[in-house]
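Each residue of the sequence shown is one higher than the one before, starting from -8 at the first, in my numbering.
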Amino acid sequence: MTDQADTVEAIRWQGNGLQLLDQRVLPQEVAYLRYGDVDAVAAAIRDMVVRGAPAIGITAAYGIVLAARARFAQSPGAWKQAIESDLQTLAAARPTAVNLFWAIAHMRGLIAEIDGDPEAALLAAARRIHNQDIAANRRMGELGAALIEDPCAILTHCNAGALATGGYGTALGVVRAGFAAGKITHVYADETRPWLQGARLTAWEMVQEGIPVTLQAEGAAAHLMKQGRVAWVIVGSDRIAANGDVVNKIGTYGLAVLARHHGVRFMVVAPASTVDMAIACGDDVAIEQRPPAEVLELAGRRIAAAGAEAWNPAFDVTPAALVDAIVTERGVVRNPDSEKMRAMMG
Ligand code: MRU
């Protein structure tokens, strides 16, 4: 358990193992699955038991604790070499969210310095990553809410909430802070096909928090904006490139185009661990392609015409020019470009 979480916990370390809230079955079931070995943790990331960029990174950090325990028990003298294949298994779980690679690189750096039994030091590091993520979210919540001038409704996409992070959320952290400050009065949530993170996860989080939420099919966004019902679109990100391009859940780019056309502001909320200064622009980011069955089926049942194929990119790229503000725990970048991103990231 972290000592800072007061929202739903997607990830918790209890006893001597990892527990993940199974996000595939929410909100019908609230069930934690237990993990004792790193291969199962990698599979949980791939199979969407846990999802959302920061949550994937935190989960990988705890997975490395499990890997180190097993490798050290097998071979106290050669565990550092042996654990490398576990790090690679974790890294192969999903390709787009940079937080996964950030967490693995951070833990790899610590592994190089450890003498003796690594478990306690690596567990302390994983907990630190977890707690720092929650603290970053709270800071971003304040910074993002401060950008909103008048009380308004907002539109969000996918789930960038407590479930997608160590707790509190990025985009939904701004919603939590903005609602508490009387600046955000209502949340419109895209249902977010094909995994329905909006319908299943964002709506669940908002209802639990007592924040009014209205679901809509993605196709309703243009009509919503044309009617002047929302002043901001607020989303998270899986990776932000050095020039401020934003990679996020498929459909985000379309919302940014619509927002600009309708005079709606566009805010991206993500921790500094989501910014990848090694990637010049968003088009250089590997976009995960997921199985066609996720589009052809609904809840495990085929709905598409027999013989139809499906294209299922999980993310898209929103050009920096369509972004009004990027909010990280290090500060706010308005109208992002390479120079401003560099200044913020140091
Ligand atoms: O496929 P998912 O559910 O992992 O995609 C999640 C998103 O796109 C989120 O918006 C992003 O990871 C930010 S979560 C704080």
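Using N, Cα and C, we set each Cβ at its ideal position, and we do this for glycine too.
Under three-state DSSP, which class holds residue i?
i     : result
I145  : strand
R118  : helix
T(-7) : The predicted position of T(-7) is uncertain, since its pLDDT is 43 and thus under 50; a value taken from the coordinates is nonetheless stated next. It is coil, neither helix nor strand.
W186  : coil
M216  : helix
M258  : strand
I139  : coil
R333  : helix
Q199  : helix
T265  : helix
T319  : strand
R230  : strand
V341  : This structure cannot settle anything about residue 341, because the visible part of the chain is limited to -8 through 337.
V16   : coil
L113  : helix
R85   : coil
Kindly indicate the opening and closing residues of the alpha helix (DSSP H) around residue i.
i   : result
W93 : 89 to 104
T80 : 70 to 82
Y53 : 44 to 65
Going by DSSP, which residues form a beta bridge with residue i?
i    : result
K345 : The displayed coordinates of the chain run from -8 to 337. Any statement about residue 345 would go beyond what the structure contains.
Q123 : Answer by DSSP bridge pairing: none, since Q123 is not bridged.
E288 : R293
L24  : L11
Q5   : G8
For the beta strand (DSSP E) containing residue i, list its first residue and its last residue.
i    : result
A180 : 175 to 181
G169 : First-last for G169: 162 to 171, but that is the alpha helix (DSSP H), not the beta strand (DSSP E).
Q207 : 204 to 207
Exercise for review: Give a yes or no on contact between the segment 303 to 311 and the segment 242 to 259, applying the rule of three or more CB pairs nearer than 8 Å.
Suggested key: yes
Point to revise | Stretch-stretch touch, CB-based, cutoff 8 Å, three pairs: the segment 270 to 280 with the segment 43 to 63 | key: no
Check your understanding: Is there contact between the segment 313 to 331 and the segment 254 to 267, where contact requires at least three CB pairs shorter than 8 Å?
Key -> yes
Check your understanding: Does the segment 36 to 53 touch the segment 108 to 119, meaning 3 or more C-beta pairs lie closer than 8 Å?
Key -> yes
Point to revise | At least 3 beta-carbon pairs within less than 8 Å: the segment 127 to 134 vs the segment 202 to 209 | key: no
Review point. Is the segment 151 to 166 touching the segment 40 to 48 in the sense that three or more CB pairs, one from each, lie closer than 8 Å?
Key: yes
Check your understanding: How do the segment 66 to 86 and the segment 188 to 200 stand: do at least 3 beta-carbon pairs fall below 8 Å, yes or no?
Key -> no
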